[in-house]
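Some notes on the structure that comes next.
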Amino acid sequence: MTRATVLYFASLRDAAGVDTEVVDTKAADLAALYRELQQRHGFAIAMEHLRVAVDGTFVRWQEAPRDGSEVAFIPPVSGG
Amino acid sequence: MTRATVLYFASLRDAAGVDTEVVDTKAADLAALYRELQQRHGFAIAMEHLRVAVDGTFVRWQEAPRDGSEVAFIPPVSGG
Amino acid sequence: MTRFILSDTPLDTANLRADLLDARVGAYASFEGWVRDHNDGRQVNGLRYEAYAALAGNEGNRILADALEQFEIIDAQCVHRVGDLVIGELAVWVGVTAAHRDPAFAACRFIIDAVKASVPIWKHERYADGSNDWLHPE
Amino acid sequence: MTRFILSDTPLDTANLRADLLDARVGAYASFEGWVRDHNDGRQVNGLRYEAYAALAGNEGNRILADALEQFEIIDAQCVHRVGDLVIGELAVWVGVTAAHRDPAFAACRFIIDAVKASVPIWKHERYADGSNDWLHPE
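Residue numbers (numbering that gives the first Met the number 0), protein chains in the order written: chain A, 0 to 79; chain B, 0 to 79; chain C, 0 to 137; chain D, 0 to 137.
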């Protein structure tokens with residue numbers, strides 16, 4: 000099991016009902032972790048419209064979740 | 000004879016030594032008027048690098064000087 | 000150097016501009032995004048920007064470093080608001096200085112485009128009809 | 000309407016910008032020309048701008064009217080200094096507002112290019128070596 004902190008923003012946070020949660024996961028990569036959490040919270044945004052970041056840096060979906068890391072799923076941005 | 004007021008700007012004024020003068024001319028068009036004044040004042044700028052304006056509006060060199068009008072020879076501009 | 004900043008208080012463009020004054024500068028191009036009273040045909044009453052601050056800082060500063068490397072510019076800065084904004088309020092400011100206007104314009108455009116495309120900031124709009132929505136353009 | 004103005008006193012960009020505030024605006028692009036300390040490899044101490052005011056007003060306002068017709072913008076203004084300017088001082092300001100940034104940038108660029116190309120304003124530079132010159136680019 001890997002224990003990571005997941006951050007939610009914008010509509011993902013609204014759907015999750017929390018802006019952060021600690022998750023214990025067996026997901027092999029961040030893609031699998033998203034699918035897991037998508038099922039739990041009913042996220043409407045498909046993975047291909049998201050990016051994923053770990054500890055404040057964008058990373059690839061193929062990376063494995065690391066213990067003690069901070070994972071953020073980044074919905075399409077709308078700054079500016 | 001046509002009597003017109005001629006305005007000089009920038010390096011043309013420096014060469015003419017005045018910023019305006021009243022000229023009596025038999026020039027058939029503004030091009031001929033410029034050649035006449037170029038000879039008188041020794042203007043270094045060739046006519047093809049100038050534009051000409053009458054009473055605050057750009058006009059063609061082929062126009063005849065009009066009595067009482069204000070003629071300005073416009074050296075290459077350098078605003079901005 | 001921190002050239003990209005998130006601000007939770009109103010921006011003063013006169014101060015932001017003054018920070019870029021430099022005797023070598025001939026051209027200053029700036030862009031500002033202001034809160035519009037409409038979007039996609041809906042009447043907007045106000046909005047809120049939220050950011051993932053750590054990642055936004057990293058991404059924003061990377062974009063500005065890219066701009067300084069790609070264009071013949073002297074300096075560049077970008078500040079983006081977070082929090083609640085009213086109609087007419089300044090949401091984002093980009094300022095670029097250069098000796099000449101070509102790179103100043105090009106870098107300014109590059110920066111605002113890149114910030115809008117990849118900096119993790121989200122807009123939450125409140126509409127005149129009482130509804131509200133997160134904007135997640137695809 | 001007078002959208003192009005010659006000014007013989009220093010410009011306040013905060014005021015110029017404030018005149019363009021409008022709830023429909025989403026994008027504000029501006030350009031400023033500042034007096035550089037060098038030009039064509041020569042060290043510049045200061046300069047003077049001279050204009051043929053009547054024609055400059057006509058040409059400037061024609062350019063701004065063209066911009067309003069050609070681009071999807073809300074408003075546009077341009078102010079150009081005349082008289083003596085020191086290094087770092089603002090020589091020309093262009094401000095354009097639009098709903099979206101594409102036309103705001105395009106119109107801003109169009110206006111400064113056209114003003115530089117055809118408005119009868121001349122720059123007289125004083126150099127560090129004591130010489131001075133009118134600029135008449137060809």
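Using N, Cα and C, we set each Cβ at its ideal position, and we do this for glycine too.
Residues near residue i by beta carbon distance below 6 Å, same chain, minus five either side
| i | result |
| --- | --- |
| residue 30 of chain B | 60 |
| residue 20 of chain B | 5 |
| residue 53 of chain B | 68, 70 |
| residue 134 of chain C | 122 |
| residue 7 of chain B | 15, 18 |
| residue 139 of chain C | Past the edges of chain C, shown from 0 to 137, lies residue 139 of chain C, and the structure says nothing about it. |
| residue 1 of chain A | 24, 64, 66 |
Neighbouring residues, chain D, relative to residue i (Cβ below 7 Å)
| i | result |
| --- | --- |
| residue 76 of chain B | 117, 118, 119, 120, 121 |
Coil, strand or helix - residue i by DSSP
| i | result |
| --- | --- |
| residue 11 of chain D | coil |
| residue 112 of chain C | helix |
| residue 38 of chain B | helix |
| residue 101 of chain C | helix |
| residue 117 of chain C | helix |
| residue 49 of chain C | strand |
| residue 73 of chain A | strand |
| residue 80 of chain D | strand |
| residue 40 of chain D | coil |
| residue 88 of chain D | coil |
| residue 126 of chain D | strand |
| residue 137 of chain C | coil |
| residue 62 of chain D | helix |
| residue 23 of chain B | strand |
| residue 6 of chain B | strand |
| residue 67 of chain D | helix |
| residue 49 of chain B | coil |
| residue 19 of chain C | coil |
| residue 106 of chain D | helix |
| residue 78 of chain A | coil |
| residue 66 of chain B | coil |
| residue 56 of chain D | helix |
| residue 43 of chain A | coil |
Pairwise C-alpha distance: residue j and residue i
| i | j | result |
| --- | --- | --- |
| residue 7 of chain D | residue 77 of chain D | 14 Å |
| residue 14 of chain D | residue 65 of chain A | 53 Å |
| residue 99 of chain C | residue 15 of chain A | 50 Å |
| residue 2 of chain D | residue 75 of chain D | 7 Å |
| residue 109 of chain C | residue 85 of chain C | 27 Å |
| residue 118 of chain D | residue 58 of chain D | 6 Å |
| residue 42 of chain A | residue 11 of chain A | 6 Å |
| residue 4 of chain C | residue 70 of chain B | 54 Å |
| residue 47 of chain B | residue 55 of chain B | 20 Å |
| residue 24 of chain B | residue 39 of chain D | 40 Å |
| residue 62 of chain A | residue 61 of chain C | 22 Å |
| residue 13 of chain A | residue 64 of chain D | 47 Å |
| residue 3 of chain B | residue 79 of chain C | 58 Å |
| residue 56 of chain C | residue 11 of chain D | 31 Å |
| residue 113 of chain D | residue 72 of chain D | 17 Å |
| residue 18 of chain D | residue 89 of chain C | 15 Å |
| residue 76 of chain A | residue 40 of chain A | 20 Å |
| residue 151 of chain B | residue 68 of chain D | Outside the displayed range of chain B (0 to 79) lies residue 151 of chain B, so it cannot be described from this structure. |
| residue 66 of chain D | residue 111 of chain D | 11 Å |
| residue 44 of chain B | residue 132 of chain D | 14 Å |
| residue 146 of chain D | residue 83 of chain D | Look at the range of chain D in this structure, 0 to 137, and you will see that residue 146 of chain D is not part of it. |
| residue 136 of chain C | residue 115 of chain C | 10 Å |
| residue 129 of chain C | residue 24 of chain D | 22 Å |
Same chain, Cβ closer than 7 Å to residue i, five either side skipped, listed in chain order
| i | result |
| --- | --- |
| residue 42 of chain D | 36, 126, 127 |
| residue 107 of chain D | 28, 29, 30, 93, 95 |
| residue 87 of chain C | 33, 34 |
| residue 105 of chain D | 70 |
| residue 27 of chain A | 63 |
| residue 44 of chain C | 125, 126, 127 |
| residue 54 of chain C | 119 |
Neighbour list for residue i in chain B, Cβ cutoff strictly below 7 Å
| i | result |
| --- | --- |
| residue 43 of chain D | Correct list: empty, because the minimum Cβ distance to chain B is about 13 Å. |
Where residue i meets chain C, residues with beta-carbon distance less than 7 Å
| i | result |
| --- | --- |
| residue 10 of chain A | 133, 135 |
| residue 48 of chain A | 137 |
| residue 31 of chain D | 27 |
Per-residue contacts from residue i into chain C (C-beta, under 8 Å)
| i | result |
| --- | --- |
| residue 222 of chain D | Outside the displayed span of chain D (0 to 137) sits residue 222 of chain D, for which this structure offers no information. |
Residue i: contacting residues in chain D (beta-carbon distance under 8 Å)
| i | result |
| --- | --- |
| residue 56 of chain B | 54, 57 |
| residue 52 of chain B | 51, 54, 119 |
Contact list for residue i against chain D, beta-carbon separation under 9 Å
| i | result |
| --- | --- |
| residue 6 of chain B | 51 |
Sequence-distant residues of its chain with Cβ nearer than 8 Å to residue i (five each side left out)
| i | result |
| --- | --- |
| residue 9 of chain C | 80, 88, 89 |
| residue 73 of chain B | 8, 49, 50, 51, 52, 57 |
| residue 16 of chain C | 27, 29, 94 |
Contacts of residue i in chain A (Cβ-Cβ under 8 Å)
| i | result |
| --- | --- |
| residue 79 of chain C | 78, 79 |
| residue 114 of chain C | 78, 79 |
| residue 85 of chain C | Those do not exist, as residue 85 of chain C stays about 17 Å from chain A at its closest Cβ, beyond 8 Å. |
Chain-ordered chain C contacts of residue i [CB-CB under 9 Å]
| i | result |
| --- | --- |
| residue 26 of chain A | Neighbours of residue 26 of chain A on chain C: none; closest Cβ ~21 Å, over 9 Å. |
Quick check: the stretch 37–48 of chain D against the stretch 116–133 of chain D, are at least 3 beta-carbon pairs closer than 8 Å? yes
Pairing CB atoms from the stretch 9–20 of chain B with CB atoms from the stretch 33–42 of chain A, are three or more of them under 8 Å? no
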